[in-house]
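Going by the UniProt record's numbering, the sequence shown opens with residue 1, and the numbers climb by one from there. Data first, discussion second: the structure below is written as structure tokens.
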Amino acid sequence: MSLTQLTATQMAEQLRAGETTAVELVTAHLDAASDAFVHVNREDALTVAADVDAGKYNHPLAGVPVVLSDVIVTTDMPTTAGSAYLEGWVSPYEATVVTRLREAGLPILGKTRIAEFGMGNDSGAHQAVANHQAPFAVVSDTAGTARHSAAETGIVAVKPTYGAISRFGLVAAVSSMDTVTPIARNTADAKALHEVLVGADELDPTSLQREWDFGTNAGVDGVTIGITGTQPDNVSDDAWSAYQAGVRALQDAGVTTTEVTLESLAQARQAAHIIGAAEFSANLAKFDGIRFGNRVTPANATVQDVITASRGAGFGYATKRRVILGTQMLSTGTIESHFRPAQRVRTAIINEHNHAFNTVDALAVPAATIQGEEYESTTAGVGASLAGLPAASVAGVHISAPPYADELVYRISAVVEKITAGAAS
């Protein structure tokens, strides 16, 4: 078996046993890099790997390579967020999650392709992980995008409870839903990366001030999970079959299942579309060609001319459309007719989830919609983002649990993934 075929956990075990070196691991993955990458961090990754081999790090994952989505800022690589506006821009500060990766001794292979400002499913990180160009990656999940891409590529994405992993240094798209998320080819690897990233951060005002204990895998015997009883219209037959296989695996492992319907989720995607556009517009206001980014200066230009020209040249069509929609959602009149009702839907979704979790420990629904659908995720996937819940996509099943129950999501995911041949490959 080649080094790139190993799981992150296996790589760590071989490093500790002296069966391979960090330099060999990093070199093998760098040689496999493809167009999923927008920047390859060869020199720095090999330097860190050499330091690991020299015994300068003692973290269990030290020497295991990782990649970053190009929406997480670093001081030694450009951060473009997939936008021409930020082409060539290098941040003067570093994301907290990057600092934690460096402190643990994980060599960063580079940054991967992403849809502009992360608003879509074009994720080079998922491609890199699925094609064994990296064992795992750190990405951003907004309204279920990372989980949906994981379902489409056959890997695992586990969104933490909102605030569990610092967002400091994440290029903001929809601040109330943006969540730094680990992805991997199996649940154990995602969990291991999650443990490196999680924890309070004084630089992030939304960071949760609490301790996180992932403990040992206690299984799911006695857990009660709410499931979907009938095939939704936007779920393909293949996706439904995969979901049903996952439910059977849970039942065989001792889970009690009961049908649960959350009526408020029928409006989840519409609410997320409105709230997301509004926050996106507000977040992108700082990209004005004045403070940073690529500036376009017409002849005899006023400040407003520079802003208009810079944003016009730097933003893509989808970004412009979303900014225009978001600005409209925040305008007088529309804020009352659209934005506030969307926020009320969000509150209803939170309340209905809380009520459901009084009777079940978690929810499990189909992870994938019909390919080519306009929206990026299932209604439950969007609902988990609106409610700030920990959630995962694994082997065709989308799992969500109450806030702070991230460890339960991993336990359930570990059972579901066993049904797929090669889930741990």
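The C-beta atom is built at its ideal place from N, Cα and C for all residues, glycine as well.
Buried or exposed, going by whether 16 or more other CB atoms sit within 10 Å of the CB of residue i?
i, result
"H355", "exposed"
"G396", "buried"
"P92", "exposed"
"M119", "buried"
"E279", "buried"
"E116", "buried"
"A384", "buried"
"S261", "Note that residue 261 corresponds to Thr in the displayed sequence, not to Ser. It is exposed - the Cβ of T261 has fewer than 16 other Cβ atoms within 10 Å."
"T332", "exposed"
"N186", "buried"
"T379", "buried"
"S2", "exposed"
"D238", "exposed"
"E211", "exposed"
"R100", "buried"
"V303", "exposed"
"G246", "buried"
Only counting the same chain, and skipping five residues up and downstream in sequence, which positions put a Cβ closer than 6 Å to that of residue i?
i, result
"A342", "A271, I274 and I275"
"A364", "I225, I227, V397 and I399"
"A334", "Going by the sequence as given, residue 334 is Thr instead of Ala. The residues are Q328."
"residue 452", "Because the chain here runs from 1 to 425, residue 452 falls outside it and cannot be looked at."
"A242", "G396"
"Y375", "Below a pLDDT of 50, predicted positions are generally treated as unreliable, and Y375, at 45, falls in that range; no measurement from the model is reported."
"L325", "A277"
"H353", "A387"
For a quick check, are the C-beta atoms of residue i and residue j less than 7 Å apart?
i, j, result
"residue 432", "I183", "Here the chain comprises residues numbered 1 to 425, so residue 432 is not present and cannot be evaluated."
"D44", "T21", "no"
"V158", "A392", "yes"
"G314", "A84", "yes"
"G289", "S310", "yes"
"P390", "P160", "yes"
"H126", "T153", "yes"
"A401", "V409", "yes"
"L30", "R42", "yes"
"D213", "T181", "no"
"S166", "T96", "yes"
"T9", "A188", "yes"
"A104", "V198", "no"
"L208", "A164", "yes"
Just how far apart, CA to CA, sit residue i and residue j?
i, j, result
"A143", "F287", "22 Å"
"E373", "V220", "Below a pLDDT of 50, predicted positions are generally treated as unreliable, and E373, at 49, falls in that range; no measurement from the model is reported."
"G215", "A190", "14 Å"
"N131", "S123", "13 Å"
"S281", "V255", "43 Å"
"I155", "S413", "12 Å"
"R321", "D178", "20 Å"
"N58", "G18", "14 Å"
"G63", "V40", "17 Å"
"R340", "A405", "29 Å"
"A150", "N300", "49 Å"
"P298", "A277", "29 Å"
"V323", "A146", "22 Å"
"A367", "M11", "29 Å"
"R411", "E417", "10 Å"
"D233", "L386", "22 Å"
"Q244", "G222", "19 Å"
"F168", "H338", "30 Å"
"A28", "R102", "20 Å"
"E94", "V296", "27 Å"
"A172", "F357", "30 Å"
"A285", "D70", "20 Å"
Beta-carbon within less than 7 Å of residue i's beta-carbon, same chain only, minus the 5 sequence neighbours each way: which residues are those?
i, result
"Q251", "T257"
"V23", "L46, A49, A50 and D53"
"residue 427", "Because the chain spans 1 through 425 in this model, residue 427 falls outside it and cannot be assessed."
"Q267", "V345"
"L170", "V71, I72, A95, S140, D178 and V180"
Tell me which same chain residues have a C-beta within less than 8 Å of the C-beta of residue i, skipping the five on either side of it?
i, result
"V360", "T224, I225, G226, T258 and V260"
"V415", "G219, V220, A249, L250, A253 and V255"
Quick check: the region 192-204 against the region 342-351, are there 3 or more CB pairs under 8 Å? no
For the region 102-120 against the region 64-81, are there 3 or more C-beta pairs whose distance is under 8 Å? In this structure the region 102-120 lies against the region 64-81, because at least three pairs of beta carbons, one per stretch, are closer than 8 Å.
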